[in-house]
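To start, the structure under review is shown below, and the notes come after it.
Protein chains: 2
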Amino acid sequence: MRLAALLGPDLKVLENDPEVLREVFEDFHPEDVAELLDDLDDVAVGRLLAALPSEVGADLLERLSSDRQVDILENLETKDAVDLLAEMDPDDRVDFFTELEADEQKALLDELARTEPETATETQELLGWDPESAGGLMTPEYAALPPEMKAWEAIEALREMARKGEAETIYQVYVVGYGEKLLGVVSLRDLILTDQSHTLADIMTEKVVTVAPTDDQEEVARLAARYDLNVVPVVDEQHVLLGVVTIDDVVDVVIEEATEDAQLQGGVVPLEDGYFETGLLEFVWKRGAWLIVLFLGQLLTATVMERNQAVLQGTLELALFIPLIISSGGNAGSQSSTLIIRAMAVGDARPRDWFKVLGRELVIGLALGIVLGGMGFGRAYLAGETVDPAALGVAVGGSIVMIVTLSTIIGSLLPMLIERIGLDPAVSSTPFIASVVDVLGLLVYFSVATLAIEVLF
Amino acid sequence: MRLAALLGPDLKVLENDPEVLREVFEDFHPEDVAELLDDLDDVAVGRLLAALPSEVGADLLERLSSDRQVDILENLETKDAVDLLAEMDPDDRVDFFTELEADEQKALLDELARTEPETATETQELLGWDPESAGGLMTPEYAALPPEMKAWEAIEALREMARKGEAETIYQVYVVGYGEKLLGVVSLRDLILTDQSHTLADIMTEKVVTVAPTDDQEEVARLAARYDLNVVPVVDEQHVLLGVVTIDDVVDVVIEEATEDAQLQGGVVPLEDGYFETGLLEFVWKRGAWLIVLFLGQLLTATVMERNQAVLQGTLELALFIPLIISSGGNAGSQSSTLIIRAMAVGDARPRDWFKVLGRELVIGLALGIVLGGMGFGRAYLAGETVDPAALGVAVGGSIVMIVTLSTIIGSLLPMLIERIGLDPAVSSTPFIASVVDVLGLLVYFSVATLAIEVLF
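Top to bottom, those sequences are chains A and B.
The numbering used here applies: residue 1 is where the first sequence begins, and numbers increase by one.
The numbering used here applies: residue 1 is where the second sequence begins, and numbers increase by one.
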């Protein structure tokens with residue numbers, strides 16, 4: 001934004017003059033330059049990127065959303081598009097290809113294979129992994145060297161790799177041998193520090209934290225956070241090094257997963273793009289789908305009410321406290337589900353801890369229920385006119401104690417059950433829990449009320 | 001966990017034999033070894049840490065929670081405690097001191113100053129910054145060199161620093177001069193790659209993304225994510241380099257902030273520790289505080305109901321749909337508030353975008369309201385017995401259209417307003433929005449119902 005504001009009316013000049021863009025590129029961070037391109041149309045951006053040196057063009061292209069990349073490249077000559085694709089980082093290139101339809105993917109890969117057969121093969125291989133797995137995040141551009149190499153030779157080799165742009169990071173050197181098997185790792189720091197005649201095998205550490213290519217990206221992020229890793233190597237079952245996931249992608253995963261969880265918990269099907277990039281129709285669909293499901297569930301409340309119409313007719317005061325009672329349950333359930341979902345997301349709790357969780361939530365729920373139930377008793381006592389105030393108080397207070405306790409327990413156990421059966425626990429969203437406990441709250445209320453009014457008083 | 005399971009009964013041996021712990025330390029990642037210590041009591045852990053070489057002891061101590069660190073060090077001889085503290089990373093040491101009471105802090109700093117006066121001064125300075133700011137995250141152990149230094153000299157200097165353990169990272173070399181002012185940055189990669197007779201000034205890049213020490217940690221994380229930074233330098237107003245924030249701390253911040261937002265949105269005062277580390281009393285307090293506030297707000301629903309008791313008495317069927325109507329509003333509001341809060345957290349939306357948001361949410365809310373309202377009309381039509389079914393249908397359906405639209409708008413604007421007045425928008429939690437729109441839902445319902453039943457039909 002700042003950069004666009006800085007350029008002001010000159011922004012229009014950009015559109016027709018790649019030279020201006022190149023100058024801006026010299027002076028600003030590519031991320032800021034890429035943001036400028038958001039305000040130009042696809043054809044203009046395509047023309048600009050094609051006119052720039054292809055490594056500069058690719059560097060800018062990589063920073064746009066995958067959707068936008070597709071729109072831009074579709075408007076380019078195939079040759080220009082292939083030139084840009086060939087210069088992109090392998091993981092970004094794969095993200096782009098993932099956005100394409102199968103036939104477009106194949107056609108473009110064939111084009112790429114004509115000029116850059118190795119790049120095409122590499123892309124094809126990476127496309128085989130789930131985009132949300134370690135394999136989908138990894139780049140094959142890492143520094144790998146044999147164990148018998150001496151430190152000074154390794155530094156020379158790294159210089160060569162860096163010069164050719166063959167490695168995304170050279171700060172971790174992977175020591176491989178016996179068929180590309182990962183034997184250990186040496187940091188560039190240790191490499192520089194050591195006696196230069198030592199071999200990599202002498203100085204490498206063999207304690208390497210690795211992931212499998214099929215591991216979920218959340219697992220990669222969890223390990224990187226736990227062990228403070230800047231790079232996570234990906235190995236297959238034979239411990240052959242396939243690629244590395246770099247920390248910048250890990251940070252993106254952490255943010256993306258937190259956004260997805262937040263949206264799920266708010267009862268929204270997660271968005272692909274940012275708030276303002278999402279179309280109104282997509283919003284109506286992604287919010288409407290859940291709202292309709294929840295509404296259908298909530299229709300049960302009307303049925304429960306209908307069945308208990310006679311009770312209400314007898315004591316109309318009971319109706320006054322229905323919103324209060326069901327919302328107390330909803331709020332208590334929302335708290336415990338949020339806590340457990342987040343605890344599972346950061347690895348603090350697992351489904352097998354359910355019994356321990358149950359014990360804690362039972363005590364907490366009961367304590368909270370008694371406090372709120374006491375307040376509810378007081379308020380209801382004041383409202384009793386056609387009915388014994390104490391009976392109404394007990395009906396409301398007792399129901400609150402029960403429903404708060406039950407909701408607390410359901411809110412904590414339901415997400416664990418959902419995780420256990422292999423779904424994302426965040427789907428047991430706050431609105432979902434609220435709907436479940438609303439129906440339950442009414443059932444409890446009518447039972448307790450009947451008991452209190454007809455039997456006890 | 002795996003490591004603890006692996007050791008099994010041998011875990012007890014650890015407690016009395018630092019030698020065993022040292023052996024485990026050789027073979028496993030320190031993070032896993034530190035986890036083993038969770039199962040031992042404070043006194044035993046203190047004895048073990050004191051018996052290990054102090055850099056090993058400090059490395060393990062750093063990985064425990066700050067609370068635990070305090071409990072452990074309080075049980076140690078002052079000399080042993082000071083030895084461990086002196087070996088900790090500066091940012092971890094500061095986190096520890098932050099946990100202490102003012103007088104304990106002073107006493108321990110004085111002790112530290114006796115043997116390590118420089119460390120004590122540095123700690124004192126770092127303690128001056130808000131723990132949740134860039135200053136609170138930064139470490140003063142970075143590599144800084146003068147601009148006239150040649151590449152080969154710089155590499156020699158880095159070797160020396162790394163050997164002395166003076167820099168937490170040497171992969172970014174900060175070029176400083178004219179009174180420690182940050183002039184530019186050179187990556188170790190470029191340093192190795194370049195002609196070794198070039199000076200740092202020749203090869204450094206001057207486009208450095210920096211933060212101020214008072215910047216919020218969320219801002220640091222946002223910049224690191226945006227620009228793919230592994231280290232973020234912190235400078236004062238004169239552009240003097242004060243310290244650097246490393247990516248491992250950035251990842252922790254991102255996770256911590258996401259957890260805090262998730263808990264706030266679930267209506268819980270954010271926890272300091274993990275789910276199982278938080279005591280039951282703290283839970284009751286942190287959940288109860290919000291539940292009571294929400295309950296007090298929800299008491300308004302009983303008042304609104306009381307005022308409209310006559311309407312209910314006239315047409316009891318109206319009561320049947322109260323839970324359905326208020327929950328529809330709550331769910332719609334929950335969706336829009338979640339989306340906006342997250343959009344603001346990741347920098348997609350700002351309070352000044354409120355008008356654009358209002359326009360979008362109005363359209364989306366109306367579309368969703370019409371769909372749900374149609375369903376509500378159908379269900380209510382079937383329930384009309386003492387009243388014209390069409391009138392009941394219009395009362396319920398019309399109210400749903402209105403309340404869903406209103407809730408969608410309130411859910412999106414309220415968090416922006418809260419951010420605008422400088423509070424964390426996540427406090428406008430799902431339960432909070434639900435409480436606001438519950439009351440509103442009842443008011444709308446009774447007005448629409450009166451109109452539909454008495455005037456229209």
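Using N, Cα and C, we set each Cβ at its ideal position, and we do this for glycine too.
Buried/exposed call for residue i, threshold 16 Cβ in 10 Å
| i | result |
| --- | --- |
| A/Val401 | buried |
| A/Val43 | exposed |
| B/Arg307 | exposed |
| B/Thr386 | exposed |
| A/Ala102 | exposed |
| A/Thr169 | buried |
| B/Pro117 | exposed |
| B/Lys286 | buried |
| B/Leu423 | exposed |
| B/Gly359 | exposed |
| A/Ser197 | exposed |
| B/Leu281 | exposed |
| B/Gly378 | exposed |
Chain B contact for residue i (CB, 9 Å cutoff)
| i | result |
| --- | --- |
| A/Phe459 | Absent from the structure is residue 459 of chain A, since the part of chain A shown begins at 1 and ends at 457. |
| A/Leu392 | no |
| A/Val175 | no |
| A/Gln69 | no |
| A/Asp424 | no |
| A/Pro53 | no |
| A/Arg93 | no |
| A/Gly397 | no |
| A/Gln66 | Per the sequence shown, the amino acid found at residue 66 of chain A is Ser instead of Gln. It does not; no Cβ of chain B falls within 9 Å. |
| A/Ala225 | yes |
| A/Leu406 | no |
CA nearest to the CA of residue i, picked from the options
| i | options | result |
| --- | --- | --- |
| A/Met138 | A/Gly314, A/Thr123, A/Tyr275, A/Asp41 | A/Thr123 |
| B/Gly397 | B/Ile370, B/Met416, B/Leu417 | B/Ile370 |
| A/Gly374 | A/Leu318, A/Ile325, A/Leu300 | A/Ile325 |
| B/Glu26 | A/Asp32, A/Asp110, A/Ser407, A/Glu206 | A/Glu206 |
| A/Val176 | A/Arg163, A/Thr169, A/Tyr142, A/Glu156 | A/Tyr142 |
| B/Leu223 | B/Glu166, B/Leu108, B/Gly314, B/Val346 | B/Val346 |
| B/Val455 | B/Leu414, B/Val394, B/Pro415 | B/Val394 |
| B/Ser337 | A/Thr408, A/Val268, A/Gly179, A/Leu61 | A/Val268 |
| A/Ile364 | B/Val284, B/Glu219, B/Arg350 | B/Val284 |
| B/Leu406 | B/Ala391, B/Leu366, B/Glu419 | B/Leu366 |
| B/Val235 | B/Leu229, B/Val211, B/Gly441, B/Ile247 | B/Val211 |
| A/Asp215 | A/Pro131, A/Val254, A/Ile192, A/Phe355 | A/Pro131 |
| B/Gly274 | A/Leu318, A/Ile341, A/Val185, A/Glu125 | A/Ile341 |
| B/Thr430 | B/Val24, B/Thr301, B/Ser412, B/Glu419 | B/Ser412 |
| A/Val220 | A/Leu299, A/Gly135, A/Thr303 | A/Gly135 |
| A/Glu272 | A/Gly266, A/Glu256, A/Gln265 | A/Glu256 |
| A/Glu125 | A/Thr98, A/Gly57, A/Glu180 | A/Thr98 |
Below-9 Å beta-carbon distance, residue i vs any chain A residue
| i | result |
| --- | --- |
| B/Pro18 | no |
| B/Ala113 | no |
| B/Ile326 | yes |
| B/Lys207 | yes |
| B/Asn331 | yes |
Where the alpha helix (DSSP H) through residue i begins and ends
| i | result |
| --- | --- |
| B/Ser399 | 389-420 |
| B/Pro140 | Unbroken run through B/Pro140: none, as it is neither H nor E. |
| A/Pro90 | 90-99 |
Chain E within 9 Å of residue i, Cβ atoms only
| i | result |
| --- | --- |
| A/Arg342 | Reference to chain E is not applicable here, since the protein chains of this structure are A and B. |
Element boundaries [beta strand (DSSP E), containing residue i]
| i | result |
| --- | --- |
| B/Gly369 | First-last for B/Gly369: 354-381, but that is the alpha helix (DSSP H), not the beta strand (DSSP E). |
| B/Gln172 | 169-177 |
| A/Ser187 | 181-187 |
| A/Leu440 | Segment 430-450 is the alpha helix (DSSP H) holding A/Leu440; no beta strand (DSSP E) there. |
| B/Pro270 | That residue, B/Pro270, is in no beta strand (DSSP E); it is neither H nor E in DSSP. |
| A/Val245 | 241-246 |
Members of the region 148-161 of chain A that neighbour chain B once the beta carbon cut-off is set at 9 Å: Listed in sequence order: Ile155, Leu158, Arg159.
query: Going along the region 294-320 of chain B in order, which residues come within less than 7 Å of chain A, judged by CB to CB distance?
result: Leu294, Phe295, Gln298, Leu299, Thr301, Ala302, Met305, Glu306, Gln309, Leu312, Gln313, Leu316, Ala319, Leu320
Contact set between the region 20-32 of chain A and chain B, restricted to residues whose Cβ is under 8 Å from the partner: Within the region 20-32 of chain A, the qualifying residues are Asp27, Phe28, His29, Glu31.
Near-chain B residues of the region 417-447 of chain A (beta-carbon distance less than 7 Å), N- to C-terminal order: Thr430, Pro431, Ala434, Ser435, Asp438, Leu442
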